[in-house]
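Participant: Shown below is the structure under consideration.
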DNA sequence: CGGCATCCGGGAAGATACTG
DNA sequence: CAGTATCTTCCCGGATGCCG
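Rendered as structure tokens:
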């Protein structure tokens, strides 16, 4: 977006010039949990084409939101990583997601990426429900592993080895999403073989109750009928 | 954006389908301070064309973010107004603006709309600087009047009659922006006739110190030089 | 395979003129 | 004042291909 400029000193307008292009904010969302390779980004953003991803990454790099870096050997592969300031966009991403979760047209049954699910937990964590709950939960979705630490009314949720946690759940992230947001009982998913749970099952049961979708706002038809 | 869909249950992706189109978030920003007519919106969004504004308003109305309403007589004019859920986008707008204010490429010397300036005060209010400051400040920019109330470490800033406040500043909103964010002394602006101040000058002086731009993040060149 | 350049079709955004 | 109609421009997205 070089020529289509808002010419407005407002921070919101400037933000739109930085990340208002299609896909840009979703790329940032994917990178909030750590560096990724080009093909990882492409795989987790269904529908993006390679040239658009290339262009967005160039723009984000020029804006100092993303840096392209070569990992030290072994690996020695190029990855894209958020700058510290790029990481500060987390608040923006979470505020956006929380607001949209109330949309009357939001359809939670669509496919969801692993990063989206993790970020949704960070966004939707209800501190007041945590009480004195304390413990660690490991999440394993194929190659991707995360550790959630709950304590003192806080949640930290980062990439890490899941097997050190008090309870480890593994399987499809979509199934876990169904348990958290769709109300499907964990026991049922475990019995069906959709999820594997090792360790403190009660902790996992309490953990998934820390998240829930907010009530939906009235849609346009309801507003016309009776405001 | 009907066909260009992200197909993603992530709230952030859904938000982009609702307000990811060009101009949409700026229209919301303009409406956060109250209903506006079509031509008011057009005037405060420099560069938007009528057909795009029409289309955005239709989409926002279909998404239950905006309602089109006829004001009661006298007036009896059509206005666009945020729904209660649309109003909840304020947090999103403020988070966006705060993040972008740290952009190395942000140029605060561009023109700014009245709504942007008001929203920037809401965004950038530094509660820790307020201390026990208490009082009301009236802001008058042509036909538009606002009242800022500071007290208990809180700021409320809404449309209202400015003349009831402890101090009233009137003139060009761009000049006031220069005083708040550009560090131009109020006394100088008043002497030059750019601003008129009536009432408690000291209160206004303390008031404008409640806001400031955050430090800039390093730009892409600096990151390449030494991370 | 990973990353990037090029070409092309469709559609959204922008500018202008015009109407009720 | 509040939009519509029309035309042009340019971005998005898909396909293909080059290069390491």
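Residue numbers (our numbering), protein chains in the order written: chain A, 1 to 227; chain B, 1001 to 1227.
Just so you know, even glycine gets a beta-carbon here, dropped at the ideal spot from N, CA and C.
Give me, in chain order, the residues of the same chain whose beta-carbon lies closer than 7 Å to that of residue 1187 of chain B; leave out the 5 immediate sequence neighbours on both sides.
Facilitator: If we look at residue 1187 of chain B and ignore the five residues flanking it on each side, it has no Cβ neighbours.
Participant: Which whole-angstrom value is the C-beta distance of residue 1099 of chain B and residue 144 of chain A, which I expect to be below 8 Å?
Facilitator: Contact doesn't hold; Cβ gap of about 27 Å is too wide.
Participant: Whose CA, out of A:167, A:152 and A:82, lies closest to the CA of residue 61 of chain A?
Facilitator: The shortest Cα separation from residue 61 of chain A among A:167, A:152 and A:82 belongs to A:82.
Participant: Residues of the segment 1098-1132 of chain B with a CB closer than 9 Å to any CB of chain A: list them in chain order, please.
Facilitator: Taking 9 Å as the Cβ-Cβ cut-off against chain A, the residues of the segment 1098-1132 of chain B that qualify are 1098, 1099, 1100, 1101, 1102, 1103, 1104, 1105, 1106, 1107, 1108, 1109, 1110, 1111, 1112, 1113, 1115, 1116, 1117, 1119, 1120, 1123 and 1124.
Participant: What distance in whole Å lies between the Cβ atoms of residue 212 of chain A and residue 126 of chain A, which are believed to be in contact at a cut-off of 8 Å?
Facilitator: Rounded, the Cβ-Cβ distance is 7 Å, consistent with contact.
Participant: Fully enclosed by the segment 31-66 of chain A, which alpha helix (DSSP H) runs are 4 residues long or longer?
Facilitator: Here the runs fully enclosed are 38-44 and 50-62.
Participant: Check whether the segment 1108-1123 of chain B and the segment 16-32 of chain A are in contact - that is, three or more C-beta pairs closer than 8 Å.
Facilitator: Flag = no, the segment 1108-1123 of chain B and the segment 16-32 of chain A do not touch.
Participant: Identify the residues that DSSP records as bridge partners of residue 1220 of chain B: which are they?
Facilitator: Note: residue 1220 of chain B sits in no beta bridge, so no partner.
Participant: Comparing the C-beta of residue 49 of chain A with each C-beta of chain B, is any distance below 8 Å?
Facilitator: Closer than 8 Å: no.
Participant: Below 7 Å between beta carbons is the criterion; list the residues of the segment 37-48 of chain A that meet it against any residue of chain B, in chain order.
Facilitator: Cβ contacts with chain B: 46 and 47.
Participant: Ordered along the chain, which non-local residues of its own chain (more than five positions away) have a Cβ less than 6 Å from that of residue 1170 of chain B?
Facilitator: Same-chain partners within the cutoff: 1140 and 1196.
Participant: Report, in whole angstroms, the separation of the C-beta atoms of residue 1148 of chain B and residue 11 of chain A, which I expect to be a contact under 8 Å.
Facilitator: Incorrect: roughly 19 Å between the Cβ atoms, too far for contact.
Participant: Looking only at its chain, what residues have a beta carbon closer than 7 Å to the beta carbon of residue 68 of chain A, apart from the 5 residues adjacent to it on each side?
Facilitator: Same-chain partners within the cutoff: 61, 78 and 80.
Participant: Does any residue of chain B bring its CB to less than 8 Å from the CB of residue 2 of chain A?
Facilitator: Its pLDDT being 42, under 50, residue 2 of chain A is placed unreliably by the model, and the measurement read from it follows with that caveat. Taking Cβ atoms only, chain B never reaches closer than 8 Å to residue 2 of chain A, which makes this a no.
Participant: For residue 113 of chain A, I'd like the list of residues in its chain whose CB is within less than 6 Å of its CB, leaving aside the five on either flank, ordered along the chain.
Facilitator: If we look at residue 113 of chain A and ignore the five residues flanking it on each side, its Cβ neighbours are 44.
Participant: Give the range of the beta strand (DSSP E) segment to which residue 157 of chain A is assigned.
Facilitator: 154-159 is the span of the beta strand (DSSP E), which, as asked, contains residue 157 of chain A.
Participant: Evaluate residue 154 of chain A with the Cβ neighbour count: other Cβ atoms within 10 Å of its Cβ, from every protein chain shown; 16 or more gives buried, anything less gives exposed.
Facilitator: Exposed is the call here.
Participant: When the Cα atoms are used, what is the spatial distance from residue 1027 of chain B to residue 1041 of chain B?
Facilitator: Each residue's Cα considered, the two are about 7 Å apart.
Participant: With a cut-off of 8 Å, does the C-beta of residue 9 of chain A fall near any C-beta of chain B?
Facilitator: Yes, because at least one Cβ of chain B sits closer than 8 Å to the Cβ of residue 9 of chain A.
Participant: Span of the alpha helix (DSSP H) holding residue 1196 of chain B?
Facilitator: Careful: residue 1196 of chain B lies outside any alpha helix (DSSP H), inside the beta strand (DSSP E) at 1195-1199.
Participant: Since residue 1007 of chain B and residue 108 of chain A should fall inside the 8 Å C-beta cutoff, what is the C-beta to C-beta distance between them, to a whole number of angstroms?
Facilitator: About 13 Å; that fails the 8 Å criterion.
Participant: Thinking just about the alpha-carbon of each residue, which of A:104, A:168, A:142 and A:123 is nearest to the one in residue 135 of chain A?
Facilitator: Residue 135 of chain A has its Cα closest to that of A:168, out of A:104, A:168, A:142 and A:123.
Participant: Note down, in chain order, each residue of its chain lying with its Cβ closer than 8 Å to the Cβ of residue 1023 of chain B, except the 5 sequence neighbours on either side.
Facilitator: Excluding residues within five positions, the ones whose Cβ falls inside 8 Å are 1045, 1048, 1052, 1053 and 1056.
Participant: Which residues in chain A sit within 9 Å of residue 1067 of chain B, going by Cβ to Cβ distance?
Facilitator: Neighbours of residue 1067 of chain B on chain A, chain order: 220, 223, 224 and 227.
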